[in-house]
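The structure appears below as structure tokens.
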Amino acid sequence: MYFMTLLKVAFFSLIVNKLRSFLAVLGIIIGVGAVIAMLAIAAGAKAQVLQSISAMGTRLLVVRPGQHGAGGVMVGTQQNLTLEDAEAIRNEVEGVLRVAPVVQGRAQVKYYEKNAAASMLGTSITFFPIRAFELDKGRLFSDAESDNMAHVAIIGPVTATNLMGEENPVGATVKINGLNFQVVGVTKSKGDQGWYNPDDQVVIPYTTAMKQLLGLDYLREVDVQCTEEADLNTVQDGITGVLRRRHRILPEALSDFEIRNQADLINTASEVTRTFTILLGAVAGISLLVGGIGIMNIMLVTVTERTREIGVRKAIGAKERDILRQFLFEAIFMSGLGGLIGVAAGIGAAKTIGQLTLFTTYVQVNSIILAMLFSAMVGIFFGYYPAWRAAKLNPIDALRYE
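Each residue of the sequence shown is one higher than the one before, starting from 23 at the first, in the working numbering.
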């Protein structure tokens with residue numbers, strides 16, 4: 023009953039001065055809405071980054087040749103990673119599930135009168151599960167085709183569209199740097215990752231690429247997928263030991279290769295996006311503080327206007343805590359109402375941003391809870407002083423107030 027009385031008094035005090043109350047609540051609405059929308063953008067950015075990293079493969083280690091140079095100046099990549107190194111990693115390191123040797127170059131791909139420049143990868147069939155590629159059409163090339171340096175190719179969907187439009191590419195013959203290759207498969211789209219587009223590439227057996235197209239005896243990289251129970255750092259140490267022994271590197275010398283750990287990449291990306299989230303949340307939180315100051319200002323004006331009313335309430339027996347609760351509840355009521363409307367506005371803004379811009383947005387339940395809690399804290403913090411001031415008014419002075 024007492025709570026309902028406070029609620030009615032708070033409601034009627036708001037509608038008496040509609041415009042002033044609306045402007046005070048508007049600050050909270052904007053603040054809560056901004057917090058939810060900004061955190062949704064940050065969460066979407068994090069999900070997008072982690073999705074791009076996951077699209078590279080799962081439980082992945084990438085071994086690449088090191089740089090060479092002198093005096094701290096690196097002038098090129100060493101040519102020291104071989105097929106034998108890839109075999110040694112697969113056979114000698116515990117926790118390795120799959121290994122794929124990779125060579126890479128640019129290729130001019132022709133289909134009748136159409137030309138397309140695409141990235142060309144020479145690798146084994148293990149590359150596809152390691153890098154999380156799935157086929158949309160056709161099949162993978164086989165180990166036998168790799169051993170026999172067969173002229174077979176798997177192309178990305180962008181390359182297929184550029185060359186053949188809507189025609190089914192499987193079974194077609196294309197020219198790659200002047201040599202005929204039969205298209206045996208088309209990969210599913212993974213999306214452009216900025217620095218690299220996996221949908222615009224041609225994948226052929228590594229033997230064919232090394233011996234007939236690129237003329238290479240060394241690898242660009244070795245992709246290593248670890249087993250589920252293996253620790254990536256332990257496997258990385260094992261690979262380091264095997265390669266240092268094979269390359270006859272002295273204990274005090276630096277390695278002539280580098281290993282990129284996907285777990286480290288995910289941790290780094292998570293740290294960056296966490297910082298981004300804190301920054302956006304802090305910027306949006308400032309608007310909530312401004313809204314709280316607006317509520318304090320309105321409540322101070324309200325106390326002044328209702329000084330005589332406070333005197334009457336005290337004269338008929340109201341205690342200081344009753345006055346304190348009444349005005350504090352009014353401040354919390356305003357901030358709570360603004361918070362609820364702000365949640366709806368923030369969710370709507372996040373969805374609109376996701377639909378009309380390139381930003382991916384993801385509204386999280388914890389961001390809504392955080393915004394509402396912060397809104398309530400703002401109401402309590404900025405409403406307490408006006409409520410305390412009203413409670414401390416001398417009833418005699420209040421009754422004399424004009």
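The beta carbon of each residue, even a glycine, is placed where N, CA and C say it ideally should be.
| Item | Value |
| --- | --- |
| Tell me the start and end of each unbroken beta strand (DSSP E) in the segment 111–196 that is at least 3 residues and wholly inside, in chain order. | 118–133, 136–145, 157–160 and 174–177 |
| Which same chain residues end up closer than 6 Å to A231 when comparing Cβ atoms and leaving out the 5 residues on each side of it in sequence? | V125 and G144 |
| Under a Cβ-count criterion, where at least 16 other Cβ atoms within 10 Å of its own Cβ denotes burial, should K26 be classed as buried or exposed? | Checking the sequence shown, residue 26 turns out to be Met, not Lys. M26 should be labelled exposed. |
| For G93, I'd like the list of residues in its chain whose CB is within less than 7 Å of its CB, leaving aside the five on either flank, ordered along the chain. | Unreliable placement is indicated for G93, whose pLDDT of 45 sits below 50; the coordinate value is still reported in the next sentence. If we look at G93 and ignore the five residues flanking it on each side, it has no Cβ neighbours. |
| What separation, rounded to the nearest whole angstrom, lies between the Cα atoms of S292 and K68? | 7 Å |
| Determine the direct distance from the alpha carbon of A154 to that of N113, and round the result to whole angstroms. | 22 Å |
| K136: which of T229, L185, L105 and A129 sits nearest, CA to CA? | L185 |
| Considering V387, what are the terminal residues of the beta strand (DSSP E) in which it resides? | That residue, V387, is in no beta strand (DSSP E); its alpha helix (DSSP H) goes V387 to A413. |
| Which partner residues does D239 have in the DSSP bridge list? | Answer is none; D239 lacks a bridge partner. |
| Assuming the contact rule is C-beta atoms closer than 8 Å, Q284 and R81 should be a hit. Round their C-beta distance to whole Å, please. | 7 Å |
| Whose C-alpha, out of T148, Q348 and I176, is nearest the C-alpha of V196? | I176 |
| Using the DSSP secondary-structure output, state which residues sit across from T209 in a beta bridge. | L157 |
| Does the separation of the CB atoms of L22 and T249 fall below 9 Å? | For residue 22 there is no data in the structure shown, the boundaries of the chain being 23 and 424. |
| Between S309 and the rest of its own chain, which residues show a CB-CB distance below 6 Å, the 5 nearest in sequence each way excluded? | I52, G53 and A56 |
| Given a cut-off of 9 Å, decide if A62 and Q386 are closer than it, judged by their beta-carbon atoms. | yes |
| Cα-Cα, which of I261, Q130 and L276 is closest to H222? | According to the sequence provided, residue 222 is Asp. The question's His does not apply to it. Selected option, being the one with the closest Cα: Q130. |
| Keeping to the same chain, check which residues put their C-beta closer than 6 Å to that of A393; ignore five residues upstream and five downstream. | V54, V57 and I58 |
| How big is the Cα-Cα spacing for G307 and I391? | 14 Å |
| On the three-pair Cβ rule with 8 Å, is the segment 157–165 touching the segment 237–254? | no |
| By DSSP, does G98 sit in helix, in strand, or in coil? | With a pLDDT of 46 at G98, under the threshold of 50, the modelled position of that residue is not reliable, and the figure given next carries that caveat. DSSP places G98 in strand when its eight states are reduced to three. |
| Spatial neighbours of A122 within its chain, please: C-beta separation below 6 Å, excluding the five flanking residues on both sides. | T145, S146, T148, F149, I152 and D245 |
| Applying the 10 Å Cβ sphere with the 16-neighbour rule, what's the burial state of S35? | buried |
| Leaving out five residues on either side along the sequence, give the residues of the same chain with a beta carbon under 6 Å from the beta carbon of A412. | V325, I332, I345 and F349 |
| Leaving out five residues before and five after G313 in sequence, what residues of the same chain have Cβ atoms less than 6 Å from its Cβ? | G49, I50 and G53 |
| May I ask which residues mark the beginning and end of the alpha helix (DSSP H) holding R81? | First-last for R81: undefined, no H or E at that position. |
| Check N202 in the structure and name its three-state DSSP category. | strand |
| Counting along the chain, where does the alpha helix (DSSP H) carrying I226 start and finish? | Where I226 is concerned, there is no enclosing alpha helix (DSSP H), although the beta strand (DSSP E) it sits in stretches over Q223 to P227. |
| Out of Q70, V205 and L41, state which residue places its alpha-carbon closest to the alpha-carbon of K425. | Outside the displayed range of the chain (23 to 424) lies residue 425, so it cannot be described from this structure. |
| Sort T299, I354, G360 and L362 by Cα distance to T383 and report the nearest one. | T299 |
| With DSSP as the reference, label I271 as helix, strand or coil. | coil |
| Would you report the Cα separation of N170 and M60, rounded to the nearest angstrom? | 55 Å |
| Go to I338, then tell me how far its alpha helix (DSSP H) extends in each direction, as first and last residue. | That residue, I338, is in no alpha helix (DSSP H); it is neither H nor E in DSSP. |
| Going by DSSP, what residues sit across from V257 in a beta bridge? | None; V257 has no bridge partner. |
| Can you say whether P273 is buried or exposed, counting buried as having 16 or more other CB atoms within 10 angstroms of its CB? | exposed |
| Find the nearest neighbour of Q234 within the set R42, N199 and V257, judged by alpha-carbon distance. | N199 |
| Could you tell me the distance, in whole angstroms, from the CA atom of F33 to the CA atom of S389? | 28 Å |
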